[in-house]
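Undergrad: Going left to right, the sequence shown walks through residues 1413 to 1460 as my numbering numbers them.
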Amino acid sequence: MQDAIRERTQPLEPDAVDDELIDVLITISVVAKRLAEKLKTKAENDKE
1413 MQDAIRERTQ PLEPDAVDDE LIDVLITISV VAKRLAEKLK TKAENDKE
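1) Report yes if the C-beta of Ala1444 is less than 7 Å from at least one heavy atom of the ligand ATP; otherwise report no.
2) Can you tell me where the alpha helix (DSSP H) holding Glu1456 begins and where it ends?
3) Distance check for Asp1435 and Val1429, CA to CA, integer angstroms please.
Now the structure itself:
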């Protein structure tokens, strides 16, 4: 990902930056939800 960012020669349009930021935030949210579900499942299994 960093290489792709470095290869850009022109700055992104504000809308493109917003779209990229939205995608990153959605990805973080999805990963956080998956981790939370795994922790919850592990905690429930540890109680048993």
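Where is the CB? At the ideal position from N, CA and C, for every residue including glycine. Please read all numbers here as calculations on a predicted model, not as lab measurements.
TA: Let me spell this out:
1) The ligand content of the structure shown is nil, which means the ligand ATP is not present either.
2) To locate residue 1456, count along the sequence shown from 1; it is residue 44. Residues Pro1426 to Lys1459.
3) Along the sequence shown, one-based indexing puts residue 1429 at 17. Along the sequence shown, one-based indexing puts residue 1435 at 23. If I take the Cα positions, the gap works out to 10 Å.
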